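Colleague:
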Amino acid sequence: MLESQKEQITTALEAYMAAHDISQNKVSKGSGVSAGYVSAILKRKWNEVPVADGKTTVIGDSHFRKLQAWMGLSLDVFQTKNYMDIMITLDDARRNVSYYIIDADTGAGKTFTITEYARQHSANTYVVKCSNAMTATQMVRAMCKAVGVGVTGETGAVEDRLKAIADKMNREQALLVLDESETMVKKSRAFGYIKDLYDRVEGRSSIVIVGANGFLAKLKQKAHYNVESFPQVLRRFGANPVLLNSGVDMGDATEICASYGITQKRDVTALVASCDNYGTFFSRLKKLKSDQEALQAAE
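Just so you know, the sequence shown maps onto residues -8 to 290 in the numbering used here.
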């Protein structure tokens, strides 16, 4: 089991205990995990549990799986290189009031990771998913809805909406993530609004623009030809762009496959060779696992 999965179980356990108002002892009795292990897990000390003679031990995966089963929790989060790069970028932006562009191919895990980050930091992280059908004004309206701005922000002029969004973000030192922003590249007014919002939140709250399939190159091309607002957006957000690798990392694949019970190197290698991205990889991995289970059941 990966460290990210152990952390996910622990976070879920904390939420479960709070929601049901139960103690560590009740968790222990219900799950079958010792009270000492429950305490160590909640303290994030699962790799260094004290034992006799001043030594330490590691809490085995089976105990985490007992907690997972007891809560009815499904685990689908893996610490791939792309996952960690996006998580670190979003966390730096939120904590240090920074501004980034993230660019990666379709299937690299951007949206999944953004959603997971927002789940973990729901108090002050907001996500807007852009689309081809969305106009610049509709994008601002979607920002209002995501941030939770009131009637004035939803129905007023664009400038009033942007002010309302910025005011709320600045009060919270919030992070706004604009996902699938490549769909807005042909709409220069949208990037003008992003620039205007940046000017209102600079140094007080954060924005990260996320796109796919050569998104950064498209922004640079627009800026090169001095298309309205693009030079300013690139200057404000493009100092340290995050470019994610395409394809599936063999190290990631080996760990993920092992968690599905697939350990033969030839199976892992063949799976990686057949996949251009993590989205396809996970789909085919689950199909391979299902086929193997069907064969075992038929024997």
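Glycine included, each C-beta is placed from N, C-alpha and C at the ideal position.
These numbers were taken from a predicted model, which means no experiment stands behind them.
Identify every residue that forms a DSSP beta bridge with Ser197.
Modeller: Partner(s): Leu166.
Colleague: Going straight from the alpha carbon of Lys27 to that of Asn16, what length do you get?
Modeller: The sequence shown places Gly at residue 27, rather than the Lys named in the question. Distance between the alpha carbons of Gly27 and Asn16: 9 Å.
Colleague: Is there contact here, the stretch 195 to 202 with the stretch 81 to 95, by at least three beta-carbon pairs under 8 Å?
Modeller: Taking 8 Å as the limit for Cβ pairs, the verdict is that the stretch 81 to 95 does touch the stretch 195 to 202.
Colleague: So within the stretch 104 to 131, which uninterrupted beta strand (DSSP E) runs reach at least 3 residues, ignoring any that extend past its ends?
Modeller: Taking only runs of at least 3 residues, the beta strand (DSSP E) segments lying wholly in the stretch 104 to 131 are 116 to 120.
Colleague: Going by the DSSP bridge assignment, what does Phe94 pair with across the sheet?
Modeller: Looking at the sequence itself, residue 94 is Asp, so the reference to Phe does not match. Its beta-bridge partners are Gly202 and Leu234.
Colleague: Taking C-alpha atoms, which residue in Asn123, Asp151 and Ser122 lies nearest to Cys135?
Modeller: Per the Cα distances, Asp151.
Colleague: CB-CB under 6 Å to Val259, same chain, minus the five flanking residues each way: which ones, in chain order?
Modeller: Excluding positions up to five away in sequence, the list reads Ala244, Thr245 and Cys248.
Colleague: Tell me, to the nearest whole angstrom, how far the beta carbon of Tyr269 is from that of Gly100; I am working on the premise that it is less than 8 Å.
Modeller: Rounded, the Cβ-Cβ distance is 5 Å, consistent with contact.
Colleague: Of all the alpha helix (DSSP H) runs that stay within the bounds of the stretch 26 to 89, which reach a length of 4 or more residues?
Modeller: Those alpha helix (DSSP H) runs which fall completely within the stretch 26 to 89 and span 4+ residues are 26 to 33, 52 to 62 and 72 to 87.
Colleague: Could you check whether Pro232 and Leu262 sit closer than 9 Å to each other, using their CB atoms as the reference points?
Modeller: In this structure, Pro232 does not lie closer than 9 Å to Leu262 by Cβ.
Colleague: Ala31 and Trp37 look like a contact to me (Cβ under 8 Å); what is the Cβ gap, rounded to whole Å?
Modeller: Sure, about 6 Å apart at Cβ, within 8 Å.
Colleague: Using CA atoms only, rank isn't needed, just tell me which of Gln287, Gly194 and Thr102 is closest to Cys121.
Modeller: Checking every option, the nearest Cα to that of Cys121 belongs to Thr102.
Colleague: Using DSSP with H/G/I as helix, E/B as strand and the rest coil, what is Ile156?
Modeller: Ile156: helix per DSSP, three-state reduction.
Colleague: Within this structure, are the beta carbons of Glu(-6) and Gln111 separated by less than 9 Å?
Modeller: Not closer than 9 Å, so no.
Colleague: Among Thr47, Ala289, Gly194 and Gly183, which has the Cα closest to the Cα of Arg162?
Modeller: Nearest option by C-alpha distance: Gly194.
Colleague: Within a Cβ cutoff of 7 Å, which residues of the same chain sit near Thr157, ignoring the five residues on either side of it in sequence?
Modeller: The amino acid at residue 157 is misidentified as Thr; the sequence shows Ala. Contacts found: Leu188, Arg191 and Val192.
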